[in-house]
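Since the structure comes first, as structure tokens, the remarks are kept for the end.
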Amino acid sequence: MTTRTTALEERYGRTGDRRRRRRIGAIAAGGIVVLAVGAWGVWTGIGGATDALEVTTTGITVTGDETTDVQWLVTGRSGTALICAIEAQDSTGGVVGLAEITVPATGQVNRTGETTVRTIRRASNGLIDSCRDA
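According to the working numbering, the residues represented by the sequence shown are 1270 to 1403, in order.
Take a look at the structure:
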């Protein structure tokens, strides 16, 4: 029966060579996937180590027609002084006040603060817009 099965496999193309080629192809594809995942892991690991800078508005208080207090959080770049832009906006999103502050260098990754922004008319929103190295 083995001879007959082998004859049928040879006749219809199911020889061990085909299985071997299929297995080698699967191993090669698996190797490519492993290399791709490894390369992605190295790339994201290096990219994550760049000490990214994140800015977050944690609260606002409209104190009157001419001032708005903005509470903020800056995460990243410990040991580096930063210059941050803080905006007050009206109900249409137009900028009605802008303050540029210096956040001093500390050994901490998270730095919080509150800034009073002088406005030309009543604001309805405030936010920390961006930060850069001083």
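Ideal Cβ placement from N, Cα and C applies to all residues, glycine included.
Model, not experiment: these values are computed from the prediction.
| message | So if DSSP puts T1401 in a beta bridge, which residue, or which two residues, is it bridged to? | response | The identity of residue 1401 in the sequence shown is Arg, whereas the question assumes Thr. Partner(s): I1352.
| said: Please state whether the Cβ-Cβ distance between T1336 and G1366 is less than 9 angstroms. | reply: yes
| query | What's the gap between the Cα of W1341 and the Cα of G1328? | reply | 7 angstroms
| task | Could you tell me how far apart the beta carbons of D1338 and T1385 are, in whole angstroms, since I believe they sit closer than 8 angstroms? | result | Rounded, the Cβ-Cβ distance is 5 angstroms, consistent with contact.
| DSSP three-state call for G1310: helix, strand or coil? | helix
| Run through DSSP, which three-state label would V1339 get? | strand
| field | CA-to-CA distance, L1396 to T1326, given in whole angstroms | value | T1326 and L1396: Cα-Cα distance of roughly 5 angstroms.
| For V1378, the three-state DSSP class (helix, strand or coil) | coil
| Opening and closing residue of the beta strand (DSSP E) in which L1322 lies | Counting along the chain, L1322 falls outside any beta strand (DSSP E), and DSSP gives it neither H nor E.
| query | In or out: Q1358 buried (at least 16 other Cβ within 10 Å) or exposed? | reply | buried
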